[in-house]
Structure formats: C-alpha cells, structure tokens
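Here the structure is laid out as structure tokens; the discussion comes afterwards.
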Amino acid sequence: MSQPESRRAPAAVQSPGLDRNILAAAKGGGIVFVGKVFTYGSRFLIAFLLARLLGAEGYGSYNLALSAATIAGGLALVGLDAALLRYIALWRSRSDDAGVWGALQVGLVVTTVLSVLIGTALFALSYWIAATVFHDIRLAPYLQLSAVIVPLLTLSNILAGATRGFKNFHHFVIAQYFVQPLVRVILIVSFVLIGLGIEQAILIYGIADLSASLLLLYFLNKEFSLRRPLKSGRREVRALLSFSVPIWLSDSMLTFRNSIQIVLLGSLATVTTVGIFAVASQLNLVADLVQSSVTTAVKPIIVEVHDQGKRMDLASLYQTVSKWMFAFNLPIFLIVVLFPTQILSLFGKSFTLGAEALTILAWASLVDAATGMCGAVLDYSGYAKLKLFNSVLRLALSISLNLWLIPIWGMVGAAVAVLVSELVVNLLRVGQVYYLLRILPYNLSSLIPVLAGIVALVMTLIIGQVLALDYIVEMIVQCLALLVVYTALLWKFGLADQDQIILSHIGRRARKRVGRFVPGLT
C-alpha cells in the first residue's frame, strides 16, 4: 500500500466484520501464545542449564557470540521477512498468486546471498573483533562459530515471515515455537551427558534453527505449492524493497539496540556482567508472551482492515488487544518486582546480583505493554518510514544512555537505558497513531486491570506480613494469592463485549473438543 493510499479517509462506521476480526486476533494470538509458552519454558530450562553448566562468564561468552550472529542475521534479512508477511497477506487476499510467487523468490534469493556474504565477513574479522572490541582473544573461536550459523538464522526468519503472511499460524508456531526449542533442549540434555561447552551450545542453536527452517519450507509448500515455473512469478522488487528497506533499517535498529547492549556490556564492563544481565533479560521475556503473540497474529488483520478503510474496526481492535496485553503483563510485573532476588537465585548465587536490573527491566516491559500495539498499527498501516524514525531515535537514546550509564552503574545502567528508551519511544508512537488515525489504545475498560492489580498487590503484601514461613514457600503462597485475586476481579468486572465474544468462542471450541470423548457434552 502506498503512502497516499494509507492516508485516504477511513470509514467511520463499525462494520459487521469486527467480531470476526477480534476472534481472528484472539485465535491467532492464542495459537502463538501456546507456542510461546512452550518456547519460553524451553528457553527458561535452556538458560537454567547453560547458566549452571557454563557459569556467569561462560554464559556471557555464549550470549556475546549469539549477539554477533543476531546482528549479522538482521543485516542479511534486509527487512524482507516483514515485506513478505505484508505483501503475501495483501496479494493472497486478492488471489494474486503471481505476486505471491514472485515475492517468495525475491525474499529467499536475496537473503540467502546476503547471509553467506555477511557470515563470511564475520568469520574473517572474528579475531580482530575479539581483541579490539571485547579485549579478550578467547572469544574469537566462538565468534567464528556464530558466523557459520548466520545463514541458518536468516533462512529461518525469512521462511517464518512468508508463512505468517498466509495467516495459518499453526505452521509457524509448530516450527519456530515447538520444534526449534525442543531440538535445542534435546541436544543440550544429550550433550550434558558427554560434556557441554560453549562451542557445542552455539552449534546446537544453529542446528535447531535449521530444523525449524526445513519444517517451515514443508509447510510453506503445503500452503502454496512451490513446484511451479519460476517465470510465472511477478517479481515486484521495487515495491518489496521500498517497504522492506525502511523496515529493515528500523528492525535492525531494534536488533542492534538489544545486541549492542550486550556488546557494550562486554566491552565496558565484564563478560560475567553480560552473563548475569542476559539471565535477567531472559526472565523478563515472560512479560512479552501475550504482547508478541497477539501482535504477531494481528498484523495481517491490520493490513486488511486498514486497506478497506474501516477505522472503527481498527480502533476497536487496537483498544481490545492493548487491554489484553496490559492485563496479562501487570501480574507478571508485580511478581517480578516483589521477588527479584528469589527468582534469580534459581540460576545460582552469583546471578542474584542482577535483582535490581531485573526490576528495572520489568518496568520497561510494563511501559511497553501499557502503550499497546501502537508500533504494529503504524508499521502495517503503511507508515514504514515513520517506524524508521522511531527506531533511529530509540537506538540513539539506547546507545547514548548505555555509553553514559554502563561505566557508572554496570548492568543497572543498561537496564535504565532500556527503560528510558522504551518510555520515550512508546509514548511518541501512541501520539503518532492518534495524530494520523485518530485512535487511542485506551477506553474506560482499560482502568479495570489497573484497579484489580492495586487490590491484588495490597492483599499480597498483607499476606506477606501475616505469614511466617520459609521464604520460598512464602513467595509461592503470595504469588498464588496475587494471581487468584487479580484473576477473580478481572473475571467479575473486566469483561467487555469483545472479551465475552472471545470467551464464548473458546468455550464452544473446548466443549466441542471434549465432546469427542464425552458424548452429550456438546
């Protein structure tokens, strides 16, 4: 969609298809959420095993090597994963098979060539980077191994973008959220028995991505047959790149922001600090479960709704999804803020030094959730250049704050840099969405999770004062109390019409599935 098209006056009347779009977002988000729950559980287990086996310094070296591979893979994508998602969804809705086939060709060929070239460059420069940037020549072999897996990471991401464009989230979730982490867990546990080092951990990461890529390729061929003449595809390279390059630059800013933080910690602090901060960041990912799951599902819906000019549908979708994100994240935030030291102690005594950083990162995630899916609305309503501006601003803020604060406060300074950059950019994006589309992520029902969270927090603190138990048992009891009170209040007072529609839909599907085994239930 061109920029002029995206600015046309949207319809002001809510369409009958709103409930269908809300259900599609919930269904797709639910599928992705289930996959991400499994992925997060697997990552938690992987982080726990690697932290215990490698120690803080070894785990830091592992994360530095993967950060280098992530940066290289992000460069090689050239934003074509996002372009495939958008244009496949758009052309598929118009039954334009030639456009879909041409987009797939462009995406796969360009990213494969670039990933090989960039991986080769990283391999050649590994010793220089280890000595000059990290001041530790021991990191060079790990960087070389990370260079080898760059093409595998890129292939997995481009195939995932293509698969999501068809809106069949089962395929994408099975490959990237089940198979990939499962392969990692199985291989890591297997290597534990014969000896696991940093080199093996890096190679396992690449093998798992290759497994996901092969499965994604199979699913993609099942959804859209790849056995067709190459010339039958319409390769709109200009259209794809005009969308993908701004997205690539902005997504690279996001990738670089996270990875540069790891690099700066390794350069300005110590490799051990990197390991502790990486565990804190990994724990904080649980807050991203609902947000990333629903946003992934809702992107192609935003494309369709905005393309049809249905502003009221877009506004309702924006508000409903934003409330889901915040409502889920709030109790996780409260638990992390109440018990950061106890949570980190699971990884080893040395990791408890990251408690303050974990708390600050939890605030950053809450800010991100509280501002809803403003970034996705901007991106997939056709404002890719605006996303680039926001990402450049966030990267500039992040680098400046990291350079200033890490030498002073170490990992706490890195966490503060994340919080400030998230706060500034997300508030800016909310304002941009309102200025361009005249919609906000909030309505009166958005206050209900806030009130429920306050009541649940007060009840939890009271229970903590009354109980005199072992600190682990007390933490478990308080967490359960918080979740029960919060959920009960949301159930009683927080369900809007759209939420009732979704719950009714889930109930019908559950009864239908159970009815296969219990006759008469349906």
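For what it's worth, my numbering labels the leading residue of the sequence shown as 849, then goes sequentially. Note that CB positions come from ideal geometry on N, CA and C, so glycine has one too.
query	result
Reduced DSSP category for K1079 - H, G, I as helix; E, B as strand; rest coil	helix
Enclosing alpha helix (DSSP H) for Y1231 [first to last residue]	Element bounds for Y1231: n/a, residue is neither H nor E.
Closest by C-alpha distance to L1214, when choosing among F1237, W1172 and R1083	W1172
Straight-line gap, S1198 to F1176 (C-alpha atoms, nearest Å)	30 Å
Pick from L932, R1012 and L912 that is closest to P1395, judged by C-alpha positions	Within the shown structure, residues of the chain are numbered from 849 to 1370, placing residue 1395 beyond reach of any answer.
Span separating the alpha-carbon of I1095 from that of I1006	14 Å
I1320 to Q1190 span [Cα, whole Å]	7 Å
Inter-residue Cα distance where the pair is A1008 and V926	15 Å
L1192 CB to nearest heavy atom of the ligand ZN below 7 Å	The ligand ZN is not part of this structure, which contains no ligands at all.
Distance, V1093 Cα to N1274 Cα	22 Å
Own chain partners of P1255 with C-beta closer than 7 Å, once the 5 adjacent residues on each side are dropped	L1116
Beta-carbon gap between L970 and A995 smaller than 8 Å	yes
Inter-residue spacing [alpha-carbon to alpha-carbon] between Q951 and V1278	Before going on, a small fix: residue 951 reads as Ala here, not Gln. Cα-Cα distance, rounded: 31 Å.
Whole-number beta carbon distance between G1123 and Y907, since they are thought to touch under 8 Å	4 Å
Beta-carbon proximity check, T1011 vs L1074, cutoff 8 Å	no
Proximity below 8 Å, CB of K884 to CB of Y1025	yes
Validate contact between the region 1250 to 1268 and the region 1285 to 1292 using beta carbons, cut 8 Å, 3 pairs	no
Contact with chain B by T1120, beta-carbon distance below 8 Å	Protein chain content of the structure displayed is limited to a single chain, and chain B is not contained in it.
Distance, Y935 Cα to L1088 Cα	8 Å
Closest Cα partner of V1260 within the set Q1313, D1318, L932 and I1110	I1110
Inter-stretch contact at 8 Å, needing at least 3 Cβ pairs: the region 1315 to 1332 / the region 1297 to 1307	yes
Whether V998 touches S963 by CB criterion (8 Å)	yes
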